[in-house]
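Asker:
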Amino acid sequence: MSASPSAASAEPGFTTRQVHAGADWAAASPRAVPLFLTAGFTFDDFDGAAGHFQEGTGFGYTRTGNPTIDALERKLAALEGGTDAVFVASGQAAVAVALLGLLGAGDHVVASTHIYEGSRGLLLDNLSRLGITVSFVEDIEDPDAWRAASHTGTRAFFAESIANARNDVLDIAAIAAVAQERGIPLVIDNTFATPYLLRPIEHGANVVVHSASKFLAGHGAALGGVIVDDGRFDAARSGPLFPHLVAATRAGGPSPAERHGGRARIAYVRETVAPRFGPSPSPFNAFLVAQGIETLSLRVREQSRNALAVARWLEGRPEVESVDYAGLDSHPHHRIAERYLTRGYGAVFQFTLHGGEAAARGFVQAVEVFTHMTHLGDVRSLVLHPGSTSHSQHTEDARRALGVHPGTLRLSVGIEDIDDLLADLDHALRVSAHALAESTVEVLG
Numbered sequence: 007m008s009a010s011p012s013a014a015s016a017e018p019g020f021t022t023r024q025v026h027a028g029a030d031w032a033a034a035s036p037r038a039v040p041l042f043l044t045a046g047f048t049f050d051d052f053d054g055a056a057g058h059f060q061e062g063t064g065f066g067y068t069r070t071g072n073p074t075i076d077a078l079e080r081k082l083a084a085l086e087g088g089t090d091a092v093f094v095a096s097g098q099a100a101v102a103v104a105l106l107g108l109l110g111a112g113d114h115v116v117a118s119t120h121i122y123e124g125s126r127g128l129l130l131d132n133l134s135r136l137g138i139t140v141s142f143v144e145d146i147e148d149p150d151a152w153r154a155a156s157h158t159g160t161r162a163f164f165a166e167s168i169a170n171a172r173n174d175v176l177d178i179a180a181i182a183a184v185a186q187e188r189g190i191p192l193v194i195d196n197t198f199a200t201p202y203l204l205r206p207i208e209h210g211a212n213v214v215v216h217s218a219s220k221f222l223a224g225h226g227a228a229l230g231g232v233i234v235d236d237g238r239f240d241a242a243r244s245g246p247l248f249p250h251l252v253a254a255t256r257a258g259g260p261s262p263a264e265r266h267g268g269r270a271r272i273a274y275v276r277e278t279v280a281p282r283f284g285p286s287p288s289p290f291n292a293f294l295v296a297q298g299i300e301t302l303s304l305r306v307r308e309q310s311r312n313a314l315a316v317a318r319w320l321e322g323r324p325e326v327e328s329v330d331y332a333g334l335d336s337h338p339h340h341r342i343a344e345r346y347l348t349r350g351y352g353a354v355f356q357f358t359l360h361g362g363e364a365a366a367r368g369f370v371q372a373v374e375v376f377t378h379m380t381h382l383g384d385v386r387s388l389v390l391h392p393g394s395t396s397h398s399q400h401t402e403d404a405r406r407a408l409g410v411h412p413g414t415l416r417l418s419v420g421i422e423d424i425d426d427l428l429a430d431l432d433h434a435l436r437v438s439a440h441a442l443a444e445s446t447v448e449v450l451g
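If you read the sequence shown in the numbering used here, its first letter stands for residue 7, the second for the next number, and so on.
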């Protein structure tokens, strides 16, 4: 029997070639953020693998780090004025991971009443099962209300910069000062404002989250969420409140605070919370979000301009009972909005029609330029009826307290020509009013 050929001299088999051939590509420097669509990465040598697992250097597995995701995280941290960011699979994941990085069994959080229903449900239905309690603040502009709702077990304040759905604007500096008194972080969901309009960290917030699926991406093609940290964790003052950030690891290694200093919060999220709970984003989604961010300021500037024009126009229509847009003088938080939102008032708001749900139904059925769907922050203009969708699980009294009435509709204004948007709204209002009048005649008849 002849000796087997050596591996060096033999030509690999067909199946081996189809797997390995072409893997030695040349290095290049692309101008656009490259897409690393891979589950894992090769190690240069034995010591390189050990260094990655022991010190976190380089890339090993996309669940714990990926160059495409890393580039997006650095961009988002820079835009929000933070020291670091962690990108996750959705905005809901960003809220959950950010809070789980702070809270444990027996802890308490104070939250604004006026938050996204998914965040509210997370606090009431999910975190409550872990022994985490919540108190809600109605008068979010009143620092004393936040102070009164907190106690020795409180470990975080949570609110939105521009609230969903009533468009209330948080006085971030005032509420951040109350959080600072207690040595706890103020976590802000900045999805509606975007870092182009408002950067909460500059006003004292400590952690910022976004649904990157919305304005940051802009195109409505990808899900994603982000957590940004200010890097100002004070271990000496706040360490007793957050023992998981200052205690040694299970193996007796240095704590997050010892290894990362002021970045302990975000380091703990990156190393311990996000990879273990597993809301891993696809590098492809990170790539799409990164592409969208390159036009963020252009889109949000135009959307805010369109939204203000639409809100003013709606306020003058006889079919409209009220408009909740912080850019209008009539909004109770307009003065706060003027202080914080100097580049524009955002693109999402609600308005309420006379005629209740019947009028809202007729309106939604009649729009043509506006798209009827559950999303926001898109380049396309969108409409939704909160009472029968996002807020349908509330009681009628609870919906009314949140400013959601049977005739309330939420708009997310896009970048279309303003004349086309107003023409579509005019058409929908007329169709809705006509249908409502006919139904009234039928009932009376």
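Even for Gly, the Cβ is constructed at its ideal location relative to N, Cα and C.
With contact counted as at least three CB pairs below 8 Å, one residue from each stretch, are the stretch 200-215 and the stretch 158-178 in contact?
Answerer: Touching, yes, given that three or more Cβ pairs across the two stretches are closer than 8 Å.
Asker: Would you report the Cα separation of Ser-303 and Thr-348, rounded to the nearest angstrom?
Answerer: Taking the first residue of the sequence shown as position 1, residue 303 is located at position 297. Taking the first residue of the sequence shown as position 1, residue 348 is located at position 342. Ser-303 and Thr-348: Cα-Cα distance of roughly 13 Å.
Asker: Nearest-angstrom Cα distance between Pro-191 and Asp-235?
Answerer: Numbered from 1 along the sequence shown, position 185 holds the residue referred to as residue 191. Numbered from 1 along the sequence shown, position 229 holds the residue referred to as residue 235. The alpha-carbon atoms of Pro-191 and Asp-235 are separated by roughly 10 Å.
Asker: Pop quiz: His-157 and His-114 are said to be a contact at Cβ under 8 Å. What is the actual Cβ separation, rounded to whole angstroms?
Answerer: By one-based count along the sequence shown, residue 157 stands at place 151. By one-based count along the sequence shown, residue 114 stands at place 108. Indeed they touch by this definition, with Cβ atoms about 7 Å apart.
Asker: What are the boundary residues of the beta strand (DSSP E) that Ser-303 is part of?
Answerer: Counted from its first residue, the sequence shown places residue 303 at position 297. No beta strand (DSSP E) holds Ser-303; the alpha helix (DSSP H) holding it covers 302-321.
Asker: Skipping 5 residues on each side, what residues in its chain have a beta carbon closer than 6 Å to that of Ala-253?
Answerer: As a working mapping, residue 253 is identified with position 247 in the sequence shown. Result list for Ala-253: Ser-261, in chain order.
Asker: Grouping DSSP H, G and I as helix and E and B as strand, with all else coil, what is Arg-405?
Answerer: Counting from one through the sequence shown, the residue named residue 405 turns up at place 399. It is helical.
Asker: Given a cut-off of 7 Å on the beta-carbon distance, is the pair Val-329 and Phe-357 in contact?
Answerer: Residue numbering aside, residue 329 sits at position 323 when the sequence shown is read from its first letter. Residue numbering aside, residue 357 sits at position 351 when the sequence shown is read from its first letter. Contact flag set, yes.
Asker: At what residues does the beta strand (DSSP E) containing Val-354 begin and finish?
Answerer: By one-based count along the sequence shown, residue 354 stands at place 348. Looking at the DSSP string, the run of the beta strand (DSSP E) that includes Val-354 is 354-359.
Asker: Helix, strand or coil for Phe-93, going by three-state DSSP, please let me know.
Answerer: Taking the sequence shown and counting its residues from 1, one reaches residue 93 at position 87. In this structure, Phe-93 counts as strand in the three-state DSSP scheme.
Asker: Just verifying my parser: in three-state terms, what is the DSSP assignment at His-26?
Answerer: Residue 26 sits at position 20 when you count from the first residue of the sequence shown. Reduced to three states, the DSSP call for His-26 is helix.
Asker: Quick test of your reading: Asp-174 and His-120, contact by CB under 8 Å. State the CB separation rounded to the nearest angstrom.
Answerer: By 1-based counting over the sequence shown, the position of residue 174 is 168. By 1-based counting over the sequence shown, the position of residue 120 is 114. Indeed, because the Cβ distance is near 5 Å, the residues count as touching under 8 Å.
Asker: Look at the alpha carbon of Ala-263 and the alpha carbon of Arg-238, and state the distance between them as a whole number of angstroms.
Answerer: Taking the sequence shown and counting its residues from 1, one reaches residue 263 at position 257. Taking the sequence shown and counting its residues from 1, one reaches residue 238 at position 232. Looking at the two C-alpha atoms, the distance is approximately 11 Å.
Asker: My output table needs one value for Glu-86: the three-state DSSP class, helix, strand or coil.
Answerer: Within the sequence shown, numbered from 1, the residue matching residue 86 stands at position 80. Of the three classes helix, strand and coil, the one that applies to Glu-86 here is helix, per DSSP.
Asker: Which same chain residues, not among the five before or five after Leu-314, have their C-beta less than 7 Å away from its C-beta?
Answerer: Locating residue 314 in the sequence shown gives position 308, where the first residue counts as 1. Excluding residues within five positions, the ones whose Cβ falls inside 7 Å are Gly-333, Tyr-351.
Asker: Identify whether Val-75 lies in helix, strand or coil by the three-state DSSP scheme.
Answerer: Taking the first residue of the sequence shown as 1, we reach residue 75 at position 69. As written in the sequence, residue 75 is Ile, which differs from the Val given in the question. Residue state, collapsed to three classes: helix.
Asker: Using the C-alpha atoms, what's the distance from His-360 back to Asp-76?
Answerer: Residue 76 sits at position 70 when you count from the first residue of the sequence shown. Residue 360 sits at position 354 when you count from the first residue of the sequence shown. In a straight line, the C-alpha of Asp-76 is about 49 Å away from that of His-360.
Asker: Please specify which runs of the alpha helix (DSSP H), each continuous and at least 4 residues long, are wholly inside the stretch 198-282, giving them in chain order.
Answerer: Whole alpha helix (DSSP H) segments, 4+ residues: 200-203, 241-244, 249-252, 262-266, 270-274.
Asker: Do you know whose CA, among Pro-246, Leu-294, Asp-240, lies nearest Arg-269's CA?
Answerer: Taking the first residue of the sequence shown as position 1, residue 269 is located at position 263. Taking only the C-alpha atoms, the option nearest Arg-269 is Asp-240.
Asker: My output table needs one value for Thr-380: the three-state DSSP class, helix, strand or coil.
Answerer: Numbered from its first residue, the sequence shown carries residue 380 at position 374. If DSSP states are grouped into helix, strand and coil, Thr-380 belongs with coil.
Asker: Could you pull the start and end residues of the alpha helix (DSSP H) that Leu-294 belongs to?
Answerer: Mapped onto the sequence shown, residue 294 falls at position 288. Taken as a continuous stretch (DSSP letters only), the alpha helix (DSSP H) holding Leu-294 covers 289-299.
Asker: Who are the near neighbours of Ser-396 in its chain, counting only those whose CB is closer than 6 Å to its CB and skipping five residues on each side?
Answerer: In the sequence shown, counting from the first residue as 1, residue 396 sits at position 390. Closer than 6 Å at the Cβ level, and outside the excluded window around Ser-396, lie Glu-123.
Asker: Does the Cβ-Cβ distance between Val-140 and Leu-128 come in under 7 Å?
Answerer: Here residue 140 refers to the residue found at position 134 when the sequence shown is read from its first residue. Here residue 128 refers to the residue found at position 122 when the sequence shown is read from its first residue. Taking 7 Å as the Cβ cut-off, Val-140 and Leu-128 do not qualify as a contacting pair.
Asker: Spell out a yes or no on whether the stretch 305-325 and the stretch 283-291 are touching, meaning 3 or more CB-CB pairs, one atom from each, closer than 8 Å.
Answerer: With a cut-off of 8 Å, the stretch 283-291 and the stretch 305-325 do not count as touching, because too few Cβ pairs lie within range.
Asker: Are the CB atoms of Val-275 and Val-143 nearer to each other than 7 Å?
Answerer: Counting from one through the sequence shown, the residue named residue 275 turns up at place 269. Counting from one through the sequence shown, the residue named residue 143 turns up at place 137. No, the Cβ-Cβ distance between Val-275 and Val-143 is not below 7 Å.
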